[in-house]
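Engineer:
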Amino acid sequence: MTLRESLMADLKTAMKAGESARVATIRMVTAKLKDVEIAGRAKGQEGLSEEDGISALRGMIKSRTESATLYRDAGRPELADKEEAEIAVIRGYLPPELDEATLAAAVKEAVASTGAASMKDMGKVMGVLKGRFGAALDMSRASAAVKALLG
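The opening residue of the sequence shown carries number 932 in this note's numbering; numbering runs sequentially from there.
#1: Is it right to say residue 1031 is buried, meaning 16 or more other beta carbons lie within 10 angstroms of its own, or is it exposed?
#2: Give the range of the alpha helix (DSSP H) segment to which residue 988 is assigned.
#3: Would you report the Cα separation of residue 1054 and residue 1047, rounded to the nearest angstrom?
#4: State yes or no: is the C-beta of residue 999 within less than 7 Å of the C-beta of residue 1015?
#5: Write down every uninterrupted run of the alpha helix (DSSP H) in the segment 933-962 whose length is 4 residues or greater and which is fully enclosed by it, in chain order.
#6: To the nearest angstrom, how far is it from the Cα of residue 910 to the Cα of residue 1001?
#7: Do residue 1050 and residue 1082 have their CB atoms nearer than 7 Å?
#8: Quick one, are the C-beta atoms of residue 988 and residue 1025 less than 7 Å apart?
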């Protein structure tokens, strides 16, 4: 089942169950994916690739995480809770993330294969990791692991 099919099936289920917050979040996700697909057409791509879709979802999570932090700092916990509920729904459509041990092993392997010795080589290491894991890799976690190893 593709990401879009999964979203549509879950949207129908949420509508039947009367889960208005979940319905709103799923509609927001489908709108974002449609925007990404339209932007891809301008570049000559046909349809929405799985990697582009997952990248868009990760971007949505990142922006909502930042918003939730700002809301909490401003003393608006109800808005922060709303953002965190949206994050939970969006995370359900992402592939499972690598655990810490697997990520650390992959980073060590990538550093060894590229011969990276300093932070100047971080781009090479990240390129190897992205090529190997693609959309399944959370680049912010990988970046932190590479910096810890090289720095």
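Here a beta-carbon is modelled for each residue, glycine too, at the ideal position from N, C-alpha and C. Only a predicted model underlies this, so the values are computations on that prediction, with no experimental measurement involved.
Structural biologist: With the structure as the only source:
#1: exposed
#2: 981-1004
#3: 10 Å
#4: yes
#5: 934-948
#6: The structure shown does not extend to residue 910, since the chain is modelled only from 932 to 1082, so the question has no answer here.
#7: yes
#8: yes
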